[in-house]
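**Student:** Take a look at this one; I'll ask things after.
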Amino acid sequence: HICAEPIPDLLNLYHSTGMRNYRSDFHRRPYKYVGLRNQIEMKLLQHFFVEQYALGGFDFASYLHACFDKSFLELCEVEVSSWAFFIFLLVLNLIRYEIAKA
Numbered sequence: 003h004i005c006a007e008p009i010p011d012l013l014n015l016y017h018s019t020g021m022r023n024y025r026s027d028f029h030r031r032p033y034k035y036v037g038l039r040n041q042i043e044m045k046l047l048q049h050f051f052v053e054q055y056a057l058g059g060f061d062f063a064s065y066l067h068a069c070f071d072k073s074f075l076e077l078c079e080v081e082v083s084s085w086a087f088f089i090f091l092l093v094l095n096l097i098r099y100e101i102a103k104a
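Quick note, the working numbering runs 2 ahead of the 1-based positions in the sequence shown.
Spelled out as structure tokens, the structure:
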């Protein structure tokens, strides 16, 4: 598995496959390199993060998972004020309907 490889071997693999020549937005990047490049980039990101903060046996995957969960919940969570406004509009529409029906 790619994540078990030492960092220097990953960098050599990265340069030897020519992946460094492709832009990071997947523009004209050969499909065969997409998975490999993503794995190498995640391993390097983990390495630099752990080294920067001297975290030793830090579980980087769990950290990223928790960060993603928090961001996703913040993105999808609906504020109470939004619900109140929606209910207010719903009641107004119901009143308008009852007036128009009468």
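By construction, the Cβ of each residue, glycine as well, lies at the ideal position given by its N, Cα and C atoms.
#1: Determine the direct distance from the alpha carbon of residue 80 to that of residue 100, and round the result to whole angstroms.
#2: So, helix, strand or coil for residue 55, using DSSP?
#3: Can you tell me where the alpha helix (DSSP H) with residue 71 in it begins and where it stops?
#4: Return the residue from the list 66, 58, 55 that minimises the CA-CA distance to residue 44.
#5: Beta carbon of residue 51, beta carbon of residue 62: below 8 angstroms?
**Tutor:** In this structure, then:
#1: 29 angstroms
#2: coil
#3: 62-78
#4: 66
#5: yes
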